[in-house]
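A.B. asks: Below you'll find the structure I mean.
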Amino acid sequence: MMKKKYMKNISTKELHKEIDLIQSCINRMSKNSFSCKSWNLTLIAGVFALTPEKINNWYICIVIFCIDLCFWWLDSFFILQEQKYRDKYEWLIQKRLEGNIDFLYNLDPNNKNMNLEDKKRNQFKAICSPTLLPMYGGIAILLVIFIIIKLNGGV
Numbered sequence: 005m006m007k008k009k010y011m012k013n014i015s016t017k018e019l020h021k022e023i024d025l026i027q028s029c030i031n032r033m034s035k036n037s038f039s040c041k042s043w044n045l046t047l048i049a050g051v052f053a054l055t056p057e058k059i060n061n062w063y064i065c066i067v068i069f070c071i072d073l074c075f076w077w078l079d080s081f082f083i084l085q086e087q088k089y090r091d092k093y094e095w096l097i098q099k100r101l102e103g104n105i106d107f108l109y110n111l112d113p114n115n116k117n118m119n120l121e122d123k124k125r126n127q128f129k130a131i132c133s134p135t136l137l138p139m140y141g142g143i144a145i146l147l148v149i150f151i152i153i154k155l156n157g158g159v
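Numbered per my numbering, the sequence shown spans residues 5 to 159.
Below is the structure:
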């Protein structure tokens, strides 16, 4: 069993530095998530703008659907990591104020010793998060509607 190290006082400077490091990870994940959304829309617009009219619409739908799914999965990864870092942030503040210096400056969001498994976070839950489902799911639904209309002889 791992021996716990406790300190009566952790310096405020160390606490702030560790909190800043975790906050910078949270900010990075948030920026990456935003970049996924912007690249997704940019690539989809590029496919529409640069595709010759002679190409079958089915191919365009398949390409757009693949782009949407890839960025949806990647964005959900960044959302999941951001959530894990937020959990670590809360855990860290609580433990440091108690004087516990275990895992000092450890930036691993998957640290099993933090006992954060109760949150039951996974990538599939992140895919259905309120920030991702309307954007990526909306595009996927529009593509399905377009395909159904095409199958029924419309447009």
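We treat Cβ as the ideally placed atom computed from N, Cα and C, and that holds for glycine. All values reported here derive from a predicted model rather than from experimental measurement.
(1) Please tell me whether F69 and A144 are closer than 8 Å, where the distance is taken between their beta carbons.
(2) Going by C-alpha to C-alpha distance, which of L84, N44, F75 and V67 sits closest to R32?
(3) From L136 to L78, what does the alpha carbon distance come to, in whole angstroms?
(4) Report the residue from W62, K123, I48 and S39 whose alpha carbon sits nearest the alpha carbon of I149.
(5) Can the beta-carbon of I64 be found closer than 8 Å to that of L47?
(6) How big is the Cα-Cα spacing for L146 and S37?
C.D. replies: Reading off the structure:
(1) Translated into positions along the sequence shown, residue 69 becomes position 65. Translated into positions along the sequence shown, residue 144 becomes position 140. It is a contact, given that the beta carbons lie within the stated cut-off.
(2) Sequence index remark: in the sequence shown, residue 32 carries index 28 (1-based). Out of L84, N44, F75 and V67, L84 has the C-alpha closest to the C-alpha of R32.
(3) In the sequence shown, the residue the question calls residue 136 occupies position 132. In the sequence shown, the residue the question calls residue 78 occupies position 74. Roughly 11 Å between the two C-alpha positions.
(4) As a position in the sequence shown, residue 149 is number 145, starting the count at 1. Closest by alpha carbon: W62.
(5) Along the sequence shown, read from residue 1 onward, the residue named residue 64 stands at position 60. Along the sequence shown, read from residue 1 onward, the residue named residue 47 stands at position 43. Result no, Cβ atoms of I64 and L47 do not sit closer than 8 Å.
(6) As a working mapping, residue 146 is identified with position 142 in the sequence shown. As a working mapping, residue 37 is identified with position 33 in the sequence shown. L146 and S37 have their C-alpha atoms roughly 22 Å apart.
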